[in-house]
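Participant: In this note's numbering, the protein residues as written are 556 to 731. Just so you know, even glycine gets a beta-carbon here, dropped at the ideal spot from N, CA and C. Source: prediction; values computed, not measured. There's a structure below that I have some questions on.
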Amino acid sequence: MAQSGAPAARASLESGAFTFHYIIHNDVCYLTLVEKSYPKKLAYQYLEELQREFFSLYGREIEQAKRPYAFIKFDTFIQKTKKLYIDTRTQRNMAKLTEDISEVHSIMTKNIQDVLNHGERLDRMTEMSSTLTAESKKYAAVAKDLHRQALIRKYLPLVIILSVVLLIFLVKHWLF
């Protein structure tokens, strides 16, 4: 059973041509039996409306209830509310379903927008990756060029001195 303050537990159970829908909230089970074709959303809205009204009227008395029918007076509210929910095509119920559809539509729109934004970020990351790859190739080329220049600076004086010594040596041996 649900604990006080915890979200309401809910479930549906199909049995032949009918479906049981129930919500458990603060140790009270709200149960309805409807035809299988009855919209699940409306069934849960009906139960939630019963749950809100029952808890607002009898919430403090639930723990002290000693007999099974302690809250029989609540039946009048149940019957009035049931009349509102019996025909799924009434303006009130259609408005509730339309509201739910609008809510689902807005959630789906937000999800699609999030996916598109995620795609844009992936495109930007791909672009940044390509730029990084190009820049790293430039860096590698510059580093290679700098390495070559460093080698030239390091060994050029030695090569020049050796070349001059060799040239002097050759000139002395061939000319003299």
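1. Quick one: what's got a C-beta closer than 7 Å to M556's C-beta in the same chain, skipping five residues either side?
2. By DSSP's criteria, I578 is part of a beta bridge. Which residues make up the other side?
3. Could you give the C-beta distance for T735 and K591, rounded to a whole number, given that I count them as a contact under 8 Å?
4. For R622 and L605, what's the separation of their Cα atoms in angstroms?
5. Who are the Cβ neighbours of S567 in its own chain at under 6 Å, not counting the five residues just before and after it?
6. For A598, which residues of its own chain have a beta-carbon under 7 Å away from its beta-carbon, when the five flanking residues on both sides are left out?
7. Grouping DSSP H, G and I as helix and E and B as strand, with all else coil, what is F573?
8. Which residues mark the beginning and the end of the alpha helix (DSSP H) in which F632 is found?
9. Just to confirm, is the Cβ distance from Y640 to F626 under 7 Å?
10. L717: buried (16+ other C-beta within 10 angstroms of its C-beta) or exposed?
11. From A572 to Y593, what distance separates their C-alpha atoms?
12. Please classify E658: does DSSP put it in a helix, a strand, or coil?
13. Per DSSP, E590 forms a beta bridge with which residues?
14. I believe K665 touches Q600 by the beta-carbon criterion, under 8 Å. Please report the beta-carbon distance rounded to the nearest angstrom.
15. Look at the alpha carbon of E569 and the alpha carbon of C584, and state the distance between them as a whole number of angstroms.
Facilitator: If we stick to the structure as given:
1. Model confidence at M556 stands at a pLDDT of 41, short of 50, so the residue's coordinates are unreliable and nothing is read from them.
2. R565 and Y585
3. The chain is shown only over 556 to 731; residue 735 falls outside these bounds and no answer can be derived.
4. 20 Å
5. T574 and H576
6. H576, T587 and V589
7. strand
8. D630 to I641
9. no
10. exposed
11. 11 Å
12. helix
13. F573
14. That belief does not hold up - the Cβ atoms of K665 and Q600 are roughly 23 Å apart, past 8 Å.
15. 17 Å
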